[in-house]
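Q: Pasting a structure below so you can have a look.
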Amino acid sequence: MSSPLQRAVGDTKRALSASSSSSASLPFDDRDSNHTSEGNGDSLLADEDTDFEDSLNRNVKKRAAKRPPKTTPVAKHPKKGSRVVHRHSRKQSEPPANDLFSAVKAAKSDMQDSGDYPLIAPGPSWKKFQGSFCEFVRTLVCQCQYGLLYDGFPMDNLISLLTGLSDSQVRAFRHTSTLAAMKLMTSLVKVALQLSLHQDNNQRQYEAERNKGPGQRAPERLESLLEKRKELQEHQEEIEGMMNALFRGVFVHRYRDVLPEIRAICIEEIGCWMQSYSTSFLTDSYLKYIGWTLHDKHREVRLKCVKALKGLYGNRDLTARLELFTSRFKDRMVSMVMDREYDVAVEAVRLLILILKNMEGVLTDADCESVYPVVYASHRGLASAAGEFLYWKLFYPECEIRTMGGREQRQSPGAQRTFFQLLLSFFVESELHDHTAYLVDSLWDCAGARLKDWEGLTSLLLEKDQNLGDVQESTLIEILVSSARQASEGHPPVGRVTGRKGLTSKERKTQADDRVKLTEHLIPLLPQLLAKFSADAEKVTPLLQLLSCFDLHIYCTGRLEKHLELFLQQLQEVVVKHAEPAVLEAGAHALYLLCNPEFTFFSRADFARSQLVDLLTDRFQQELEELLQSSFLDEDEVYNLAATLKRLSAFYNAHDLTRWELYEPCCQLLQKAVDTGEVPHQVILPALTLVYFSILWTLTHISKSDASQKQLSSLRDRMVAFCELCQSCLSDVDTEIQEQAFVLLSDLLLIFSPQMIVGGRDFLRPLVFFPEATLQSELASFLMDHVFIQPGDLGSGDSQEDHLQIERLHQRRRLLAGFCKLLLYGVLEMDAASDVFKHYNKFYNDYGDIIKETLTRARQIDRSHCSRILLLSLKQLYTELLQEHGPQGLNELPAFIEMRDLARRFALSFGPQQLQNRDLMVMLHKEGIKFSLSELPPAGSSNQPPNLAFLELLSEFSPRLFHQDKQLLLSYLEKCLQHVSQAPGRPWGPVTTYCHSLSPVENTAETSPQVLPSSKRRRVEGPAKPNREDVSSSQEESLQLNSIPPTPTLTSTAVKSRQPLWGLKEMEEEDGSELDFAQGQPVAGTERSRFLGPQYFQTPHNPSGPGLGNQLMRLSLMEEDEEEELEIQVESNEERQDTDMQASSYSSTSERGLDLLDSTELDIEDF
């Protein structure tokens, strides 16, 4: 019980136990709504010095002064004596001490210090506390609803207490009291609803008794019913007065509180009031609060608003009273479909579904059209909700299921046909997307039974007299394949994530049953579909993909081998007829599924494969002989040879065709292409792929068993020969051949890298291949010529041209990724990475993610070498610019400014580990200084060295240096400049800029632009400290870090200057009065250093991101408190070993600093 939170709770409990007599001094209140509002308004205008006790007493006194005389209800006559005695005792006894207010003050002080209270405290016990607290309020009202609730004193004082606390500037009080007040209001609403029911019963009883004849009527019964009615009316008035006081005193002010949790509580509870007691609360005067809060900027509040509206629109009996609200806020509800928070958008769509069902004609076509595109959203929950909306809007009215006797009738073929026709028309006419799989997935939860009607789909496709166009047939086939895949695989298409880890046992059983039904139905019909659409590549490709959705064992168990024969025949016809890569890939994969040795029909499928490959191989041999013998081929002969090679290449990818020995003839073909250049490029591309697959399949065979030395040597010779062929193709005229050769060569070099012997395969060491320097140079040159080129601008209006440019960009990204993999796996020299890194800034939008990942991996491999490569990249760029423009005015060119941005981005890539990167930074600066002075001007000339402007690039790395290293680098630069002649009185600009970057004054001004007057700085920081003595000349001349300076203490990051509290995010949400309060409240005492951390300073605009500003702030603060840092001395070897620990301590310090910035500590965020 030592935490401030626990002490506050304990003090409150002790005070409440001793506050019955002191609380009695509060005047009685009649809960008049107008007076309550006035009192509340006065309390809201109280300044920050107003005490809670004064605020509450003033509130109660004003309400008591304006209270009219209270009439005692008839039902309370028996308790009159006791109440008189109670009032008499209140007059005689005065409270000895106001313990309640003392406890509140103590709790307020503790809450301000800790910022923690039960409703937001972490842990399961505190989470359970909130539920128990709400249950306590409900139970309190439930137990008091028949007597004590109407006593006048307890409830009035409780409401006054909660009203006063809800106006507190302490977040803990305001949050807790608002929750209690809203739960109290909800319980009172239930009591009022019961009283209303009792009044209705009483009225019916009275009418029944009065309508009796004179002889049967009982006057005593009528009198008791009248007294009961009067009592119920008085109780109802009192309850309504309490509710009015709570609503006007708490809700009206707290529904727009700065704390989103409080606003969410208010909206959630008013939704409950409207649903349970719609007679009183379902009016426009209450609905407007929900409508206004729909525009709230916090997710939780908007979510509560939509859920509250769902409860109202879900009841058809209440929708008649929502017409005005709907007309006013319909546009906002429709626009929330595109909310940036997915859960809010999902609930908004479900709200529109309820409006669509229960309020006909409210949603216009324009409103619905804004929901339709959401069915293609990447978030499956949102897309599924939009699919349900689409189903109820377009499909359900036309395909409504008729019910008889409570059971659904079987869907008629006409209804199913109508459903698929509507689905086709929506997909084709909307032109929103090109993939039906996403539309099927969106409709799966609400219309899965209709989509699994594969009988209806296939009947539509196989009809002879169908009126479907070409686009509709293709779409219907895609719907069939998508629904089959959805039913058999049970997961959404690529790009959509359900968030579920797996299927339940029931879902797995349903999936297995659907797969069996699908297979049994489509196995006989698939050959017919292939026969009908075999001429259309766009339609036959998805039909071949259907085989992956089948349970292929049914071919055996169902005795359907004859259908397998038909399918294999159709497959062979399709492969021979088409040469498109998609069709061939689908056909090869389908045949691969059938050629599984586990199936009993494997021999039949293998025989069909052999027949097909034999046919293709014979064609290839004949056509190759014609090509080798003749010097000229017509277009038909070239097309046939290229088509045959494409078919063989597609099947070689999925099947082992080694026994057909395709390597030698393909090598002959490629060799002729290299020697003579007479082979068309359409033939070279698939030939390269065939040789590549041949080498990979041979490697697969060798890897599975102990291969002989002869086999290893033969494979290596083939691989080396193919690399030479690809190297020759890199200089080909055709761009496609160059790119294909580069891709195959990069993959092959990666496969035969030293990585291949990992995992106990040391016997493959003779196959390890390292490319020669000429090959590495050609690969780098190819990258410069084909990847780092300026593409055309997108969005020119020609969609086809934009699509081609996007495809070209993807191809260039694949080429760059292949080259980067060769660098990271040690195939190429790591220095070649400079050709990639130097384009980091210029091509950041196109390849930034790839280059950044390469840079990160390279730094993980060797930090020192990676730093040298970054410096090498800058040197290369500078040298190129110098050769192009000369040394005069170099630093004013736009290209030089881009180089500075690149250097800044390189500096940011080192991260916040300043101590860990210390040696690297010093090395980088030293090498940069050497390069800048490597070429000197002629003797007697006053011109600056041509490379001197490189110092300006080097200045971007200066903020990463320690202060001691800056001094040493300044001395080193001065020593180097002694050998360079310079005109007196004319300092060189790059030297001045670089020296300025190494000056601590420059860094301080750069990181904290809000410079205070010297008087204020002296008042905060204390007397000025004497400067340290300069380091010795020997230390200035040496940059060898033989010892590491003392580790900066964690307290050295405290800001020594007083700043206004501008930085809090919540301050933007406050009204003007609170902003004045925040500006007028300085942070006092010892808490100043906690609250005014580095995060409060505004860093200069940096296009590279905010991370550098935070680091610069940390460095400048370390320099300001340098003498405090020197109090802790750590040996150099221990600091080197604990580098990671120091880095983590810096990050944890910054995280703790963020926690200290909580506005609850300062009382500036609360009313």
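Its first residue numbered 2, the sequence shown is counted upward by one per residue in our numbering.
Even glycine gets a Cβ: it sits at the ideal position worked out from N, Cα and C.
Report the three-state DSSP secondary structure of residue 380 (helix, strand or coil).
A: strand
Q: For residue 1251, does the three-state DSSP call read helix, strand or coil?
A: Because the chain is modelled from 2 through 1168, residue 1251 falls outside the range shown and cannot be assessed.
Q: Mark residue 254 as exposed unless 16 or more other C-beta atoms lie within 10 angstroms of its C-beta, in which case mark it buried.
A: buried
Q: Out of curiosity, what's the CA-to-CA distance linking residue 727 and residue 928?
A: C-alpha separation (whole angstroms): 39 Å.
Q: From residue 351 to residue 813, what distance separates their C-alpha atoms?
A: 43 Å
Q: Got a sec? Which residues, its chain only, sit under 6 Å from residue 907 by beta carbon, not counting five neighbours each side?
A: 871
Q: So does the segment 301-309 actually touch the segment 348-367, counting three or more Cβ pairs closer than 8 Å?
A: yes
Q: Assuming residue 832 is part of the alpha helix (DSSP H), what are its boundary residues?
A: Segment: none, residue 832 is in no alpha helix (DSSP H) and carries neither H nor E.
Q: Just reading off the alpha helix (DSSP H) that residue 236 is part of, what are its end residues?
A: 220-247
Q: Inspect the beta-carbon positions of residue 896 and residue 882 and report whether they are closer than 7 Å.
A: yes
Q: Cα separation between residue 900 and residue 878?
A: Here the alpha carbons of residue 878 and residue 900 stand approximately 8 Å from one another.
Q: Roughly how far, in whole angstroms, is the beta-carbon of residue 520 from the beta-carbon of residue 551, given that I think they are within contact range, below 8 Å?
A: 4 Å
Q: In three-state DSSP terms, what is residue 498?
A: strand
Q: Measure the C-alpha to C-alpha separation of residue 642 and residue 431 and round it to an integer number of angstroms.
A: 42 Å
Q: In whole angstroms, give me the CA-to-CA distance for residue 511 and residue 517.
A: 10 Å
Q: Whole angstroms are fine: how far does the CA of residue 383 sit from the CA of residue 341?
A: 11 Å
Q: Is residue 827 close to chain D? Criterion is C-beta to C-beta, closer than 7 Å.
A: The question asks about chain D, but that chain is absent: this structure has only one protein chain.
Q: Can you list, in chain order, the residues of its chain whose CB lies under 6 Å from that of residue 425, leaving out five sequence neighbours each side?
A: 473, 476
Q: Helix, strand or coil for residue 762? Go by DSSP, reduced to three states.
A: coil
Q: Could you tell me the distance, in whole angstroms, from the CA atom of residue 538 to the CA atom of residue 491?
A: Here the alpha carbons of residue 491 and residue 538 stand approximately 27 Å from one another.
Q: Where are the alpha helix (DSSP H) runs, 4 residues long or more, that stay fully inside the segment 590-661, in chain order?
A: 603-630, 636-655
Q: Counting beta carbon pairs with one atom in the segment 579-587 and one in the segment 604-623, are three or more of them shorter than 8 Å?
A: no
Q: Suppose the cutoff is 7 Å on Cβ atoms and the five residues either side in sequence are ignored; what does the same chain contact list for residue 236 look like?
A: 151, 196
Q: Go ahead and pull the three-state DSSP assignment for residue 840.
A: coil
Q: Taking only the alpha-carbon atoms, compute the straight-line gap between residue 719 and residue 803 and give it to the nearest angstrom.
A: 41 Å
Q: DSSP three-state call for residue 748: helix, strand or coil?
A: Helix, per DSSP.
Q: Is it true that the CB of residue 544 sits closer than 7 Å to the CB of residue 530?
A: yes
Q: Using the C-alpha atoms, what's the distance from residue 320 back to residue 360?
A: 7 Å
Q: Relative to the C-alpha of residue 992, which residue among 287, 850, 934, 462 is closest?
A: 934
Q: Find out if the Cβ-Cβ distance for the pair residue 591, residue 527 is shorter than 7 Å.
A: It is not a contact, given that the beta carbons lie outside the stated cut-off.
Q: Is the number of C-beta pairs between the segment 362-378 and the segment 438-447 that are closer than 8 Å three or more?
A: yes
Q: Can at least three beta-carbon pairs, one atom from the segment 775-791 and one from the segment 706-722, be found at a separation below 8 Å?
A: no
Q: Can you give me the C-alpha to C-alpha distance between residue 180 and residue 164, rounded to a whole angstrom?
A: So the alpha carbons of these two residues sit roughly 11 Å apart.
Q: How about residue 681 and residue 639: are their beta carbons less than 7 Å apart?
A: yes
Q: So, with DSSP's three-state summary, where would you put residue 168?
A: Three-state DSSP puts residue 168 in coil, outside helix and strand.
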